[in-house]
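Numbering (my numbering), first residue to last: 540 to 679.
Beta carbons: idealized from backbone N, C-alpha and C, even for Gly.
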Ligand SMILES: [Zn+2]
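Below you can see the structure in the form of structure tokens.
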């Protein structure tokens with residue numbers, strides 16, 4: 540399990556990769572986990588692929604994969620070339636896609652995937668969610 544979850548991207552001119560870091564007009568709603576462009580990203584959980592989305596309206600090459608865990612959480616993995624399809628059953632460790640190169644859009648940024656967790660229409664701290672995956676306990 541642990542090897543699936545890399546450290547966060549450090550702070551650079553684009554900001555910090557941590558949850559709720561400032562993004563000027565809003566707060567960062569996920570975490571940025573270091574990942575090599577072109578590497579294969581594996582699912583953190585069992586679930587179903589419920590959406591393949593676009594990260595930016597002005598550049599449809601950047602995608603995200605949404606996996607729903609069956610317990611109300613929608614997990615979004617951003618900057619991924621999808622290797623799955625909507626409605627596909629996935630299991631922890633299955634490959635969801637290949638990490639895309641963000642440097643083309645944000646020059647000098649540490650390459651990463653952005654991971655966010657949605658619940659009841661809002662966001663929760665992905666680190667807390669990851670912690671429950673590690674301990675098997677659901678956060679109160
Ligand atoms: Zn991010």
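Annotation: the segment 564-615 contains the following complete segments of the beta strand (DSSP E) (minimum length 3 residues), in chain order: 570-573, 579-581, 586-595, 598-607. Comparing C-alpha distances from residue 671 to each of 606, 646, 647, 612 shows the shortest one belongs to 612. Taking C-alpha positions only, residue 562 is separated from residue 548 by approximately 15 Å. When C-beta atoms of the segment 602-612 are compared with those of the segment 552-570, fewer than three pairs fall below 8 Å, so the two segments do not count as touching. The residue from 584, 627, 614, 645 with its alpha-carbon nearest to that of residue 660 is 614. Membership of residue 673 in the alpha helix (DSSP H) is indicated by the continuous run 665-674.
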